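Numbering (the numbering used here), first residue to last: 22 to 307.
A virtual CB, placed ideally from N, CA and C, is assigned to each residue, including glycine.
Just so it is clear, the structure is predicted and the values come from calculations on it, not from any experiment.
Reading through the structure tokens given below for one structure.
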């Protein structure tokens with residue numbers, strides 16, 4: 022039986038931005054979301070059920086891990102009932118509401134409902150929460166595709182990146198990782214355009230050194246490309262971060278689109294097809 026919707030205890034300020042909560046939301050791990058929410062609000066499962074118009078027995082099964090949330094309707098009910106920002110779960114704003122981007126502060130992530138596939142637009146790569154990268158790396162189950170020139174921030178920011186990827190490959194995840202060939206004209210030109218010259222090629226060589234532990238691992242293919250790269254692409258199953266490249270600026274200072282694969286969508290597939298075209302030109306890194 023579904024209870025009539027009624028309010029739950031208000032979430033404390035900053036709850037949705039807590040690292041553990043942000044990671045759970047990014048991974049759509051609603052069991053952890055509910056556990057953290059109840060810890061900091063004192064809400065009962067009955068109260069949550071009433072607020073979200075979901076049977077209490079279902080709430081209990083979700084929090085215990087016996088029921089995995091996959092339905093868009095249930096995600097929407099949980100978001101609206103608990104006050105989770107819809108954009109964080111990849112949901113469009115409710116009809117008739119003011120788009121959050123209209124009043125977003127400068128430098129803040131920009132939610133958008135213009136295209137359902139766009140979860141958020143970040144003004145620069147460093148605005149993407151570190152917890153989100155971690156959640157994608159740890160929660161992916163099928164596919165990791167990475168297309169960069171150097172992408173040094175990944176091994177720099179995740180000291181266990183190599184064992185983490187090795188573990189994912191052991192569990193059946195297919196990993197394709199391609200970097201710019203440090204000896205190529207394309208990398209040299211990009212280094213000149215960014216104003217750092219040979220340092221870009223040096224960053225790529227350093228990334229390759231960090232990734233050397235992936236050499237020969239079944240399920241992991243590390244390659245080099247020589248293309249003019251217009252975007253860095255990071256795909257984790259049905260989520261993708263597209264880091265645009267702007268002339269004269271490093272990728273870290275340029276916008277990032279968080280895309281989520283949707284039925285009938287074309288934007289996610291457009292960038293996925295771009296990855297495949299580059300991948301077809303690559304050669305082994307070692």
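One alpha carbon belongs to residue 87, the other to residue 106, and they sit about 25 Å apart.
Around the CB of residue 271, 16 or more other CB atoms lie within 10 Å, so the residue is classed as buried. Between residue 163 and residue 197, the C-beta spacing is not below 8 Å. Our two residues, residue 187 and residue 158, have alpha carbons roughly 11 Å apart in a direct line. Going by DSSP, residue 206 is part of the alpha helix (DSSP H) stretching over 206-215.
Residue pairing of residue 277 in beta bridges, as defined by DSSP: 143 and 264. Residue 274 is positioned such that its CB atom lies closer than 8 Å to that of residue 145.
Following the DSSP letters along the chain, one finds residue 233 in no alpha helix (DSSP H), marked with neither H nor E. Measuring C-alpha to C-alpha distances from residue 104 to each of 29, 245 and 190 identifies 29 as the nearest. In this structure, DSSP gives residue 165 an extended state, which the three-state scheme calls strand. The beta carbons of residue 77 and residue 66 sit about 5 Å from each other, so the pair counts as a contact at 8 Å.
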